[in-house]
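The numbering used here puts the last residue of the sequence shown at 740; the count rises by one with no breaks. Don't be surprised by glycine CBs; every beta carbon is placed ideally from N, CA and C.
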Amino acid sequence: MNPTRDLPERFPAAALAAAMVIAGTIGAFVVEAALDPVTTVFWRCCFAALFLLAWCVARGYLKVADLSLRLLLRSALGGVCIVLNWVAFFAALKMTSIATTTIVYHVQPFFVVLLGVWFFGERIKFDQGLWMLGAFVGVVLASGLVADPLVTSAAATTDTSTWVQGIVLALVAAMLYAASTLIAKGLGGQRPEVTALSQTTVGVLLLVGFANFSGPVSAASWGWLVGIGVLHTGVAYVLMYAAYPRLTTPVIGILAFIYPLVAIAVDWAFYDHPIGVVQALGMLLIALGALGVKLGWRHPGHLFARRDKAPCAP
């Protein structure tokens, strides 16, 4: 037995919590890399693909007999959505703040429901509608555009139109992630690490013609870029995929919110962007709404009915 290999399986809650902590720091890595969003995502895909390729080969996940062309093509389609989601998310980070972008991004479970209605004719239950309504009120409050009595929002020091564009891009990123989630529903027969490898490979091919290779990249920036690819896309994803099958839905739903909490702490500690009462209330509404939809809560008085969903990680 390889104890190191088995650690995420033996301690799934700790593995998922660690993955969420890692995910919560991605905003700082993107800011410090100091490249445009497309170029940052391109290098993320490059380093992540190399890591995941090595991981899959070492674990024997790429045996031809175990691969399906149909599933690989489907995961590649989802990869287009994932990669564009990363571009939109990173662009939003540069236009708003790490905390604001991350909080707003977490409305993606509601877009899963809305896209399901649009493409598959699914019906929105009354209670789902209530949770979603509350969450979108939360988006308004969390946007940083509503005056706070105690704290000056980072939006106050940024051009309003730029800030609004950033909020819109965060919502676009959430919608693209939701689309990738729906596409991934048919990938149950494929190892998730193989899916992630195919998606990052698609990202390299998709963005190679748009990335900026003319400008100089400092040694420090290369370090941040490697971190985004290996740490946030490689290590974090492996930890999450090992943990998901071994945890209940309520535990997954609760641990998922370590991610925005860490992002808020990082933004406050390193960039002096604290959130105020209004943004905190907005985050609370989004969190309650997301849990309500993910776990199938019938209304605020029924907090233990549940439904299978998995959290997002940009």
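contact_flag[the region 475 to 486, the region 597 to 607] where n(CB pairs < 8 angstroms) is 3 or more: Touching, no.
From T451, A525 and S494, residue whose alpha carbon lies closest to that of G612: Taking the sequence shown and counting its residues from 1, one reaches residue 612 at position 186. Between G612 and the set T451, A525 and S494, the nearest pair of CA atoms involves S494.
Backbone secondary structure at H532 - three-state DSSP: Counted from its first residue, the sequence shown places residue 532 at position 106. Residue state, collapsed to three classes: coil.
Residues near T430 in its chain [Cβ-Cβ closer than 6 angstroms; skip 5 each side]: On the sequence shown, residue 430 is found 4 positions in, with the first residue counted as 1. Unreliable positioning characterises T430 in this predicted model, as indicated by a pLDDT of 44, which lies under 50. A coordinate reading is not provided.
Whether T522 touches W589 by CB criterion (8 angstroms): The count along the sequence shown starts at 1 and reaches residue 522 at position 96. The count along the sequence shown starts at 1 and reaches residue 589 at position 163. Against a cut-off of 8 angstroms, the Cβ pair of W589 and T522 comes out as a contact.
Minimum C-alpha distance to E458 - residue among V652, L576, L497 and A600: Numbered from its first residue, the sequence shown carries residue 458 at position 32. Ranking V652, L576, L497 and A600 by Cα distance to E458 puts V652 first.
Cβ-Cβ distance between G450 and V688 below 8 angstroms: Your numbering for residue 450 matches position 24 in the sequence shown. Your numbering for residue 688 matches position 262 in the sequence shown. G450 places its beta carbon less than 8 angstroms from that of V688.
Within 8 angstroms, strictly: CB atoms of F516 and G655: By one-based count along the sequence shown, residue 516 stands at place 90. By one-based count along the sequence shown, residue 655 stands at place 229. Between F516 and G655, the gap from beta carbon to beta carbon reaches 8 angstroms or more.
Endpoints, alpha helix (DSSP H) assigned at A587: Numbered from 1 along the sequence shown, position 161 holds the residue referred to as residue 587. Reading off the sequence shown, one finds Ser at residue 587, where the question assumed Ala. Start and end: T586 to I609.
Given D462 as reference, the closest of V447, F477, A518 and Q534 once Cα atoms are compared: Taking the first residue of the sequence shown as 1, we reach residue 462 at position 36. With distances taken between Cα atoms, D462 lies closest to A518.
Neighbourhood of A443 by C-beta, 7 angstroms cutoff - its chain only, sequence neighbours within 5 removed: As a first step, residue 443 must be located in the sequence shown, where it is residue number 17. Shown here for A443: same chain residues with a beta carbon closer than 7 angstroms to its own, the five before and five after excluded, namely L681 and I684 in chain order.
First and last residue of the uninterrupted alpha helix (DSSP H) at R485: Position 59 of the sequence shown, counting from 1, holds the residue named residue 485. First-last of the alpha helix (DSSP H) with R485: P463 to R485.
Rounded C-alpha distance that separates R436 from A445: Looking up residue 436 in the sequence shown gives position 10. Looking up residue 445 in the sequence shown gives position 19. Their Cα atoms are separated by approximately 15 angstroms.
CB contact flag (A637, V513, <8 angstroms): Numbered from its first residue, the sequence shown carries residue 637 at position 211. Numbered from its first residue, the sequence shown carries residue 513 at position 87. The answer is no: Cβ separation not under 8 angstroms.
Cβ-Cβ distance between A506 and L707 below 8 angstroms: Position 80 of the sequence shown, counting from 1, holds the residue named residue 506. Position 281 of the sequence shown, counting from 1, holds the residue named residue 707. Note on residue identity: the sequence assigns Val, not Ala, to residue 506. At a Cβ-Cβ threshold of 8 angstroms, V506 and L707 do not count as neighbours.
4-residue-minimum alpha helix (DSSP H) runs that sit fully inside the region 549 to 585, ordered along the chain: With a minimum length of 4 residues, the continuous alpha helix (DSSP H) runs that stay inside the region 549 to 585 are 552 to 568.
Pairwise C-alpha distance: T584 and A573: The count along the sequence shown starts at 1 and reaches residue 573 at position 147. The count along the sequence shown starts at 1 and reaches residue 584 at position 158. Those two C-alpha atoms are separated by around 14 angstroms.
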